[in-house]
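Encoded as structure tokens, the structure appears first; notes follow it.
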DNA sequence: CTCAGCGGGAGGTCCCCTCAC
DNA sequence: GTGAGGGGACCTCCCGCTGAG
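Chains as they are written, first to last, in the working numbering: chain A, 1 to 309; chain B, 310 to 618.
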């Protein structure tokens, strides 16, 4: 049990009420909940990503307006000076590929890369003990090893200093692609954040064994966040992004763009049957019209209860 | 021609490259483009809305973690002090209903409300002239009136001062629901922004007639932004928000939640036929399973070219 | 160790002004 | 008009410190 992804219904109602049925705000909220709560992104990282998106919108308008700084500034209520700085920033980023602050990888690098780096730097050969600490009998080592869950990857158990250094190394690696001014210095606060995230998600397990007086840390999972949920969340974000693109084609009235929504009530006992038929029907439809080498198309659909309105 | 909603393909490619195929960033970018470029929201307004969404995510975790400030702070790399302030802010907002900075109405109030307020404050009876200015012959008045597009609503033509005062009134009205500290003072910069937005969208027309030495302003449209496009953009944002909700049910593995995606190639000449059949098929399916008083359900779908991957 | 406070620095959003082309 | 520069106010995100319980 690593995540509390189920929000109590009253809390969810509160959040819904807070954004006051404004769909744009609802999208932002869902995105924040997904990336921060499930993905483990920092608060500041989400704000930076949103700022970058807004900057790109400004840049896009700047180009369309014939590179007119003042006009662009008026359109979005931004100082000309700031517009210029933003344009420079974006152009520099586009030129030397990627240096904008985005959510980039779906999860922070320092969280997803940890299990791999741990196993690489502190491997544990089949016969070897996982406990590197001195001054323990082999029985004591064994009892510590057996306190780990069976699903834990075989890797060395670290002490406080080793664990801290590993996290710092991870942070440095995640920063080294960024240009100078955008780098974030390592700090105690950041260290605590990363450590807490790893423990909270169950990727790392803290062992407070009575045999040793210092806390030990064990790698408890081969990947950050549980496998199934992780993949479904990624698929969701992916789908929403693509769906957004499809609807924009529909807004532009492109040929071959279709958008639809069906609202209906279904008898509870026929609900499963209906959804299954829908799934098969759409697959059959796609097969029927499929032709190799034709226009590449995609159809997305989602159905469920409409308990919000 | 009021909007340049078509981005040149190379620019769009640049933007895509900037977010580096990260779907979460792509969603943010689309949202920024929709609300800022099409909706006319300010840069700062979008940032505020994103910040509010992130704050709500923090608040939600705070509640789930048993109101533990420190834990919440570690999880998102936020100072305990700041967490406390955020929680207070949200709770105050939830208590006295709505006072958070959100995109709220789909477009800024001062833009959508202008045509109505103009016609209310400066009506023009059928026989009356639209030009209120003194010292003109009736022939000169008529020539000015005839320079307006035929679709323009009948309302008085304003001079610089009247127009400015109308905008200031609009701004005051849009602010009066907000609590004290969140209000934004009226300023020249804001005035220029709103004026420019109105002219840029074609809601207001500036008349530089050689007959008068001062600029005149005429109401050119009964609504901010062209009717058709406006509604489709709203529908898009609405759809994406609901789709996001449906997929979250799917991530939670709720019963009755369905998510699907079909990828296929279609012969160009059969594309229209295929989409039409799909549309009818889904409608027939919804009708078949519909039963009054049953479970309220919704099905959303979108199809189009997949020229991104 | 947790919780509370206060301090500072950097950078961003806002505002206004002037001056040369 | 547009670009380019100056100024200052305020807030927020980061960091660090101290002290009470």
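Cβ atoms here follow ideal geometry from the backbone N, Cα and C, with glycine treated the same way.
### Task
Have a look at A/267, A/183, A/207, A/128 and flag the residue whose alpha-carbon is nearest the alpha-carbon of residue 605 of chain B.
Distances from the alpha-carbon of residue 605 of chain B to those of A/267, A/183, A/207, A/128 put A/267 closest.
### Message
Give me, in chain order, the residues of the same chain whose beta-carbon lies closer than 6 angstroms to that of residue 1 of chain A; leave out the 5 immediate sequence neighbours on both sides.
### Response
Any reading at residue 1 of chain A needs caution, since the residue's pLDDT is 35, under 50, leaving its predicted position unreliable; the model's value is listed next. Cβ neighbours of residue 1 of chain A within its own chain (closer than 6 angstroms, five residues either side excluded): none.
### Task
Just mark residue 330 of chain B as buried or exposed, buried being the case when its beta carbon has 16 or more other beta carbons within 10 Å.
Residue 330 of chain B comes out exposed.
### Query
Between residue 517 of chain B and the rest of its own chain, which residues show a CB-CB distance below 7 angstroms, the 5 nearest in sequence each way excluded?
Taken in chain order, the residues that qualify are 524.
### Where residue 373 of chain B sits in the DSSP three-state scheme
Helix at residue 373 of chain B.
### Message
Can you check which of these residues, B/471, B/573, B/522, B/427, is closest to residue 294 of chain A by C-alpha distance?
### Response
In this structure, B/573 is the residue among B/471, B/573, B/522, B/427 with its C-alpha nearest to the C-alpha of residue 294 of chain A.
### Task
Decide if the segment 144 to 156 of chain A is in contact with the segment 166 to 180 of chain A; the criterion is three or more beta carbon pairs, one per stretch, under 8 angstroms apart.
The answer is no - the segment 166 to 180 of chain A does not touch the segment 144 to 156 of chain A, with fewer than three Cβ pairs under 8 angstroms.
### Query
For residue 382 of chain B, does the count of other Cβ atoms within 10 angstroms reach 16, so buried, or fall short, so exposed?
Flag for residue 382 of chain B reads buried.
### Message
Alpha carbons only, please: which of A/125, A/256, A/184 is nearest the one belonging to residue 153 of chain A?
### Response
Nearest C-alpha to residue 153 of chain A: A/125.
### Task
Determine the closest residue to residue 299 of chain A out of A/257, A/181, A/273, with distance taken between C-alpha atoms.
Residue A/257 is the option with its Cα nearest to residue 299 of chain A.
### Query
Helix, strand or coil: how does DSSP classify residue 571 of chain B here?
Reduced to three states, the DSSP call for residue 571 of chain B is strand.
### Message
So for residue 296 of chain A, helix, strand or coil by DSSP?
### Response
In this structure, residue 296 of chain A counts as strand in the three-state DSSP scheme.
### Task
Ignoring anything shorter than 4 residues or poking outside the segment 107 to 154 of chain A, list the alpha helix (DSSP H) runs there in chain order.
Runs found: 109 to 112, 114 to 121, 138 to 146.
### Task
With a threshold of 16 other CB atoms inside 10 Å of the CB of residue 446 of chain B, please say whether the residue is buried or exposed.
By the 10 Å Cβ count, residue 446 of chain B comes out exposed.
### Query
Is the beta carbon of residue 157 of chain A less than 7 angstroms from the beta carbon of residue 131 of chain A?
Going by beta carbons, residue 157 of chain A and residue 131 of chain A fall inside the 7 angstroms limit.
### Query
With 16 other CB atoms within 10 Å as the buried threshold, where does residue 417 of chain B fall?
Buried, since its Cβ has 16 or more Cβ neighbours within 10 Å.
### Query
Would a check of beta-carbon distances place residue 419 of chain B closer than 7 angstroms to chain A?
Contact of residue 419 of chain B with chain A is not assigned, every C-beta pair being separated by 7 angstroms or more.
### Query
residue 238 of chain A by DSSP, collapsed to three states: which one?
In the structure shown, residue 238 of chain A sits in a helix (DSSP, three-state: H, G or I).
### Query
Is there a Cβ from chain B that is less than 7 angstroms from the Cβ of residue 167 of chain A?
In terms of beta-carbon proximity, residue 167 of chain A stays away from the interface with chain B, with every pair separated by 7 angstroms or more.
### Query
Could you give the distance in angstroms between the alpha-carbon of residue 499 of chain B and the alpha-carbon of residue 351 of chain B?
Per the coordinates, the alpha-carbon of residue 499 of chain B lies some 10 angstroms from the alpha-carbon of residue 351 of chain B.
### Task
Flag residue 260 of chain A as yes if its beta-carbon sits less than 7 angstroms from any beta-carbon of chain B, otherwise no.
Interface residue, yes.
### Query
What are the boundary residues of the beta strand (DSSP E) that includes residue 515 of chain B?
Here the beta strand (DSSP E) through residue 515 of chain B covers 513 to 516.
### Message
Cβ closer than 8 angstroms: which chain B residues qualify as neighbours of residue 27 of chain A?
### Response
336, 340, 546, 549, 550, 553, listed in chain order.
### Straight-line gap, residue 313 of chain A to residue 229 of chain A (C-alpha atoms, nearest Å)
Since the first residue of chain A shown is 1 and the last is 309, residue 313 of chain A is not available in this structure.
#### Entry: Reduced DSSP secondary structure (H/G/I, E/B, other) of residue 310 of chain B
Residue placement at residue 310 of chain B cannot be trusted, given a pLDDT of 37 that sits under 50; the coordinates are not used to answer.
### Query
residue 332 of chain B: which of A/286, A/306, A/234 sits nearest, CA to CA?
Checking every option, the nearest Cα to that of residue 332 of chain B belongs to A/234.
### Message
Three or more C-beta pairs under 8 angstroms: does that hold for the segment 347 to 362 of chain B against the segment 54 to 72 of chain A?
### Response
Touching, yes, given that three or more Cβ pairs across the two stretches are closer than 8 angstroms.
### Query
Below 7 angstroms between beta carbons: does that hold for residue 387 of chain B and residue 102 of chain A?
Contact: no.
### Query
By how many angstroms is the C-alpha of residue 240 of chain A removed from the C-alpha of residue 540 of chain B?
Rounded to whole angstroms, residue 540 of chain B and residue 240 of chain A show a C-alpha spacing of 20 angstroms.
### Task
Indicate whether at least one CB of chain B lies closer than 7 angstroms to the CB of residue 181 of chain A.
No, residue 181 of chain A lies away from the interface with chain B (no Cβ there is under 7 angstroms from its Cβ).
### Task
Specify, as a first and last residue, the run of the beta strand (DSSP E) that residue 217 of chain A falls within.
Per DSSP, residue 217 of chain A is one residue of the beta strand (DSSP E) stretching across 216 to 219.
### Simplified DSSP state of residue 77 of chain A, which is helix, strand or coil
Note: residue 77 of chain A maps to coil in three-state DSSP.
### Message
Quick check on the DSSP output: the alpha helix (DSSP H) that includes residue 330 of chain B runs from which residue to which?
### Response
Bounds of any alpha helix (DSSP H) do not take in residue 330 of chain B, whose DSSP letter is neither H nor E.
#### Entry: residue 509 of chain B versus residue 405 of chain B - alpha carbon distance
Using only the alpha carbons, I get a separation of about 37 angstroms.
### Message
Using a Cβ-Cβ distance cut-off of 7 angstroms, determine whether residue 35 of chain A contacts chain B.
### Response
Yes, residue 35 of chain A counts as interfacial toward chain B.
### Message
By the three-class DSSP mapping on this structure, what secondary structure does residue 302 of chain A have?
### Response
Under the three-state reduction of DSSP output, residue 302 of chain A falls in the strand class.
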